[in-house]
Structures are given as structure tokens and as C-alpha cells.
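A.B. asks: Residue numbers (my numbering): 2 to 74.
Ideal Cβ placement from N, Cα and C applies to all residues, glycine included.
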Amino acid sequence: MGIVWVIIIAVLALIGGVALGFFIARRYMMNYLKKNPPINEQMLRTMMMQMGQKPSQKKINQMMRSMNNQQNK
2 MGIVWVIIIA
12 VLALIGGVAL
22 GFFIARRYMM
32 NYLKKNPPIN
42 EQMLRTMMMQ
52 MGQKPSQKKI
62 NQMMRSMNNQ
72 QNK
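1) Can you tell me the Cβ-Cβ gap for residue 45 and residue 31, rounded? I've got them flagged as a contact below 8 angstroms.
2) From residue 2 to residue 8, what distance separates their C-alpha atoms?
3) Please state whether DSSP places residue 55 in a helix, a strand or coil.
4) In this structure, does DSSP put residue 48 in helix, strand or coil?
Written as C-alpha cells, this is what we have:
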């Protein structure tokens, strides 16, 4: 009878640990994305202007598409 309780407690601890880990990881990622937002078109345009390039909308769209393709891989 004692081994059954050990197994039940182990399973409950495992489920609790997985749930707690999920919520901690979710909170960490939300804070990370708030502090470091993903690059958008305006940021890309600013970076290109700082590098001395005159960004056209076609070039920006092409770079955004290539960045999205890299993220999806």
C-alpha cells in the first residue's frame, strides 16, 4: 500500500512541476519580448538609413520576407 502512495505523489509532483515550468517560461518570454521587440519595417528602414542606404519599399519588403523565412526555418 505504501508504494502506491509514492507513485501517486511522484505523478502529482511531475504534473505540478510541468505546469509551474510552463507558466514560468511563458512569463519569461513575455518579459523578453517586451524588452526586445522583434524587428519591424520602421526599425529596418532606420537601420538602412544609418548604414548610408536609401531604403525603397521594395527593398524593405524583400528584407522582411527573408527575415521571416529565416525565422520559420
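C.D. replies: Here's the rundown:
1) Residue 45 to residue 31, Cβ: 24 angstroms. No contact.
2) Rounded to the nearest angstrom, the two C-alpha atoms are 10 angstroms apart.
3) In the three-state scheme derived from DSSP, where H, G and I count as helix and E and B as strand, residue 55 is classed as coil.
4) Residue 48: helix per DSSP, three-state reduction.
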